[in-house]
Amino acid sequence: MRTDWSGRPAARLIVPAALLALFGAGCRQDMHNQPKYIPLRGSEFFDDGRSARPLVNGAVARGRLREDAALYTGKAGGRALDAFPFPITREALKRGQERFNIYCTPCHDHLGTGLGMAVRRGFRRPPSFHTDRLRQLPPGEIFDVITNGFGAMPNYALQIEPRDRWAVAAYIRVLQYSQNANVADVPPEFRGRLGTPGDMR
Amino acid sequence: MPQIFHRSTNTISRVSIFGAVFALAVVGWALSSLDRSSYATRANTPREQPVAFSHAHHVGDEGFDCRYCHTSVETSSFAGLPSTEICMNCHSQIWADSPELAPVRDSFRTGQSIRWTRVHDLPDFVYFNHSIHVKQGVGCTTCHGPVDKMPLTWQHASLHMEWCLDCHRQPERYVRPRDQVFSVTYQPPPDQLELGRKLVKEYNIQSLTSCSTCHR
């Protein structure tokens, strides 16, 4: 005997409704988008819409107290440091080269002549590193310019860590030396390689 | 008692059994294709942004290193978006009056953040860390594609788990030398597998495929 569904429309809807509910449940994204903050996710709670809160003035992260004034300001007794606060090893120079190429070349270019891409696009041209005045600049002053900016140059404190700023200053010394050297400065065993392309190894 | 079904119905029943299996397979195939399609993953679709920032211009034309703006990529899980100050490093003088950059100048003046649209939105139950990948020789473009050719940024990969696992199972197929990680023009050499095996050994890259590597 056939069941007569016609009188019970509700029952007739149950099966499709259950299927729909199952499908619908499969598409919920609760676990994908959990009510938590991840970096740069906005916040409805704070007025400025940021979940990352600004530091209270004077807050110091654990282990980040900058006790060594020379290392973090480039100055000692109000005067720019005339030496590097840590030994400049080959490792440090390579680090300096890497950081210089990332952050400084847009204006200063790879040799430090001041014809980087941003300058070619209209940014004010910085002085070339290869003048007597800049060759005499104490490392502490280079550190200070990176940290606080100078003239049209903005500060790079956000982008370059303090120790890296010293490494960059040291690499600038390398560039200055490389552009103002003569054959006698090259150790005899390397003179044969002059004129062949290569990088700092 | 006479036969109810004519002999020809045998064929119909056979065809319909096969047809049902075939139809189910087609539905399954269609669903899995849909799931992998860029319609579902939203890959290859440029996202609208409050400022029409072009990686093609900044990276491709001007040659900026990724790290100039994405400063925390080597030290943190998150690559980092540049603060407005970093944009203004150049745009205080270049295109300083452009109406296109009005939101950047407003942000600089008022201190309000620019509300960029997130392009790569991993599910919240996945842990991902940029710094370890960068350190172990996974290049930016390996996952993010030809960023230097993107006028508006789009997601290059599906970000499906099978996509992650593809590399986690066989890192030697994708890793590159550390000094090439940030190169946008790097092309894997023809002997990638050989180089990859060497790098995997040299960098001590482990094939991590346990669930808790990413779902922690």
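Going line by line, the protein sequences match chains L and Z.
Numbering (this note's numbering) for the first sequence: 1 to 201.
Numbering (this note's numbering) for the second sequence: 1 to 216.
No residue lacks a Cβ here, since even glycine has one placed at the ideal position from N, Cα and C.
Owing to the predicted nature of the structure, the values given are computational and were not obtained by experimental measurement.
- DSSP, reduced to helix, strand and coil, places residue 25 (chain Z) within a helical segment of the structure shown.
- By the Cβ rule, the region 133–141 of chain Z counts as touching the region 166–184 of chain Z, because three or more pairs are nearer than 8 Å.
- Each of Z:16, Z:56 and Z:40 was checked against the Cα of residue 145 (chain Z), and the nearest Cα belongs to Z:56.
- When Cβ-Cβ separations below 8 Å define contact, residue 162 (chain Z) makes no contact with chain L.
- About 7 Å separates the beta carbon of residue 152 (chain L) from that of residue 93 (chain Z), a gap short enough to meet the 8 Å contact definition.
- In the three-state scheme derived from DSSP, where H, G and I count as helix and E and B as strand, residue 19 (chain Z) is classed as helix.
- Residue state for residue 151 (chain L) is assigned as coil, using DSSP reduced to three classes.
- Residue range 192–202 is occupied by the alpha helix (DSSP H) that includes residue 193 (chain Z).
- Among the residues of chain Z, those whose CB is under 8 Å from the CB of residue 158 (chain L) are 71, 83, 85 and 86, following chain order.
- Per the DSSP secondary-structure output, residue 80 (chain L) pairs in a beta bridge with L:75.
- Assignment of alpha helix (DSSP H) within the region 121–185 of chain Z, counting only whole runs of 4 or more residues, yields 130–135, 140–144 and 161–169 in chain order.
- For the options Z:68, Z:165 and Z:13, the alpha carbon positioned closest to that of residue 98 (chain L) is the one of Z:68.
- Bounds of the alpha helix (DSSP H) holding residue 166 (chain L) are 162–178.
- Shown here, residue 42 (chain L) sits in a strand according to DSSP, grouped into three states.
- In this model, residue 118 (chain Z) and residue 47 (chain Z) are separated by some 8 Å (Cα to Cα).
- Taking a C-beta cut-off of 9 Å against chain Z, the contacting residues of the region 38–53 of chain L are 38, 39, 40, 41, 42, 48, 49 and 50, listed in chain order.
- Annotation: the continuous alpha helix (DSSP H) that includes residue 108 (chain Z) extends over 102–110.
- Membership of residue 101 (chain L) in the alpha helix (DSSP H) is indicated by the continuous run 90–103.
- Close partners of residue 124 (chain Z) in chain L (Cβ separation under 8 Å): 31, 32, 33, 34, 36 and 38.
- Annotation: residue 33 (chain L) is outside any alpha helix (DSSP H) and is labelled neither H nor E by DSSP.
- The CB of residue 152 (chain L) comes closer than 9 Å to the CB of 92 and 93 in chain Z, given here in chain order.
- In this structure, residue 102 (chain L) lies away from residue 142 (chain L), with their beta-carbon atoms at least 8 Å apart.
- Residue 166 (chain L) counts as buried, since at least 16 other C-beta atoms from the protein chains shown sit within 10 angstroms of its C-beta.
- In chain order, 69 place their CB closer than 7 Å to the CB of residue 86 (chain Z), counting only its own chain and leaving out the 5 sequence neighbours on each side.
- Straight across, the Cα-Cα distance linking residue 145 (chain L) with residue 111 (chain Z) is about 24 Å.
- A straight-line Cα-Cα distance of about 38 Å links residue 87 (chain L) and residue 127 (chain Z).
- Counting the other Cβ atoms within 10 Å of the Cβ of residue 100 (chain L) gives 16 or more, which makes it buried.
- Assignment of beta-bridge partners to residue 50 (chain L) by DSSP yields L:42.
- Looking from the CA of residue 168 (chain L), the closest CA among L:44, L:51, L:16 and L:104 belongs to L:104.
- Scanning chain Z for C-beta atoms nearer than 9 Å to the C-beta of residue 102 (chain L) yields 64, 65, 66, 67, 68 and 182, reported in chain order.
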